[in-house]
Each structure stands twice: as C-alpha cells, then as structure tokens.
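The numbering of the sequence shown is my numbering, which starts it at 1 and goes up by one.
Glycine included, C-beta positions come from ideal geometry on N, C-alpha and C.
What follows is one structure encoded as structure tokens, with my remarks underneath.
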Amino acid sequence: MKRVLTLVLPILLAALALTACGSDSGDSSGSTESTQAGDHSGMPSMSMSMPMSMPAGAEEQGGKEIVISDFKYTLPGTFAPGEQVTVRNNDTAEHTVTADTGDLFDVEIKAGETATFTAPGQPGTFAFHCTYHPNMVGTLEVR
Numbered sequence: 001m002k003r004v005l006t007l008v009l010p011i012l013l014a015a016l017a018l019t020a021c022g023s024d025s026g027d028s029s030g031s032t033e034s035t036q037a038g039d040h041s042g043m044p045s046m047s048m049s050m051p052m053s054m055p056a057g058a059e060e061q062g063g064k065e066i067v068i069s070d071f072k073y074t075l076p077g078t079f080a081p082g083e084q085v086t087v088r089n090n091d092t093a094e095h096t097v098t099a100d101t102g103d104l105f106d107v108e109i110k111a112g113e114t115a116t117f118t119a120p121g122q123p124g125t126f127a128f129h130c131t132y133h134p135n136m137v138g139t140l141e142v143r
C-alpha cells in the first residue's frame, strides 16, 4: 500500500500543479521570467485582471488587506499614506507585490502566508506587479 501511495501521490500532485498553472490563452506577450534563485522558472505567465471588490475576510479587525487568490490581486479600496498594508497569499505559489517604479515597496509572500509593507507616504496611484508572474498586475491607491 505504501508503495502504491509513493508512486501515485507524486503523479497526482504534478497533475494538480500543471492544471493550476496551465494557461488557456496561448498568450505569447513576450513577458520575461525572473532569473533569481527560487524564481519559479518554467511557470507560465498568465494575464490577470484586478477586481476592486471587497473579498471575504479582507477587513479583519479594522485592517485592510490585499488578497492574492487564483493568481489575481484583490484590493479593498484605498490606503492612507504610511498605512501598514497586509498581503494575504491564498495561492499555492509564492508571489510578490513590487512597485513598478522606484523602490516604494517590494514584499515577498510565500504560499498560504501573509506579509506587510508600508504604503507610500504621499498620495497617488502606484502600479505594481508580481516579479514571479509578470502578468499579475495591480494598482495601489493612496489617498
């Protein structure tokens, strides 16, 4: 029985991983993959939209959080300048929230975990992306 599980379990896990990471668009937008260690090379880039609705659990104990699920960012609305932003990664893959310009914010969130960063101190709209999955994009609004 152990031998059967030893053979079947890795196959099932690989099939689930391939299904979760598969792309249905055939997009060849020319996005590049990261070359850093632990960069998830070989994972497909997928086009992502960024819904602005409030996900369940995004307002916990008065705090707002960005939720990552199904390779999409969901934001609860706007943040105050200098506010602590919590990012919850509900995916099985590691992600980042990295500002497109400058070094305003860059946080790595392991699968199933949370991380925090400080929103920029000045009001504005700040585009960001995931360095591992470049087609995952979003906009942080600071008001």
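Within the model, the alpha-carbon separation for Val-107 versus Asn-90 is close to 15 Å. Annotation for Phe-128: the continuous beta strand (DSSP E) segment containing it runs 124-129. When secondary structure is reduced to three states using DSSP, Tyr-132 falls in the coil class, being assigned neither helix nor strand. Thr-92 is positioned such that its CB atom lies closer than 8 Å to that of Ala-111. Between Asp-100 and His-133, the gap from beta carbon to beta carbon reaches 8 Å or more. Taking every protein chain shown into account, the CB of Thr-125 has fewer than 16 other CB atoms within 10 angstroms, so this residue is exposed. Under DSSP, no beta-bridge partner is assigned to Thr-101. Taking the Cα of Phe-79 as reference, the smallest distance to any Cα among Ala-127, Asn-135, Pro-123 and Thr-131 is reached at Pro-123.
Residues Asn-90 and Asp-91 of the same chain have their beta carbon placed closer than 7 Å to that of Ser-69, with the five preceding and five following residues left out of the count. In the structure shown, the three-state DSSP call for Leu-75 is coil. Sorting Gln-84, Asn-135 and Leu-140 by C-alpha distance to the C-alpha of Lys-72 places Asn-135 at the top.
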